[in-house]
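Residue 81 is where the sequence shown starts when you use the working numbering, and the numbers rise one by one after that.
Think of the CB as a built atom: it goes at the ideal place given N, C-alpha and C, for glycine as much as any other residue.
Take a look at the structure set out below.
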Amino acid sequence: MHSPKAVGRQAAARKYDIITALGTYALARGKHDHRLVLRLLTLITARYNWQRDELAVGQREIARMWSVDERTVKREMAKLRGMGWLVVKRQGARGRVSEYSINFVRLLDDTRDDWAKVGPDYDHRMKGEPAPEQGAEVVPLPVRGAVPAPEAGGGSAWDLARAILHQEDAANYGSWFHRLRAGERVGGRLTLVAPSRFHAAYVRSHFTVRLLNVCRSVDDSITQVFVTE
């Protein structure tokens, strides 16, 4: 499994993965679990500090956010602690609210059985396994008009690889590959630069193996392809 915390260069994509795991888990269960997880998701998106792993919210504020009374808040927070998803970092006292951390290892372990429902790419990514070769299950985002074949005259590894990618799969080339530009090359590591953080995260998740294979087919000294924004 990948690092359970949303940290580093892929933090934004990792947050979405965690929220997806929680949502899929909740939707597969009864209304009580469904509501409990929805309440936790609301706390995470509204008040959780990802960098400090800290959730510090008073019961009164939570009650207002959940549209319930404080007794319900106590009961639901106790359930989340009992599940091992919330851990008390500092107990509230003398006007201070309790501070919690989120046990992502336990949370993700509990939601593991539902990952495959999202799709094989997500399941493999969450388990830290290489993504399967993408086929019909991946639907490229639409682009306006056909993207013409790239010029391979530059002769660089990426110029040649782009031409191959266009020839083999014009749809994904138009959606994801043609806007990647060659960045720094250090030893066997080739860096490709995407136009946005989302674009980079999507390509890393779905096409890293494919990009490496195509780049190695034109330059076998390339041992790693990294996509950044």
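For the set Leu240, Ser147 and Arg174, the Cα lying nearest the Cα of Leu292 is the one of Leu240.
Remark: C-beta atoms of Asp190 and Ala196 do not approach each other more closely than 7 Å. Taken atom to atom, the span from the alpha-carbon of Val148 to that of Arg259 is near 49 Å. Counting only the Cα atoms, Val273 lies some 10 Å from His279. Counting C-beta pairs closer than 8 Å gives fewer than three between the region 123-135 and the region 106-115, which falls short of the contact rule. For the options Trp256, Thr288 and Arg290, the alpha carbon positioned closest to that of Ser276 is the one of Trp256.
Secondary structure within the region 117-172: the beta strand (DSSP E) runs of 3 or more consecutive residues, fully enclosed, are 166-170 (chain order).
If you look at Ile302, you'll find it isn't in any alpha helix (DSSP H); DSSP assigns it neither H nor E. By the Cβ test, the region 137-145 is not in contact with the region 161-168, since fewer than three Cβ pairs between them sit closer than 8 Å. A direct Cα-Cα distance of roughly 27 Å separates Val168 from Gly110. The beta-carbon separation of Ala237 and Leu270, rounded to 7 Å, stays under the 8 Å limit for a contact.
Restricted to the region 254-301, the beta strand (DSSP E) segments that are unbroken, complete and at least 3 residues in length are 261-266 and 269-273, listed in chain order. In chain order, Gln139, Ile142 and Ala143 place their CB closer than 6 Å to the CB of Val153, counting only its own chain and leaving out the 5 sequence neighbours on each side.
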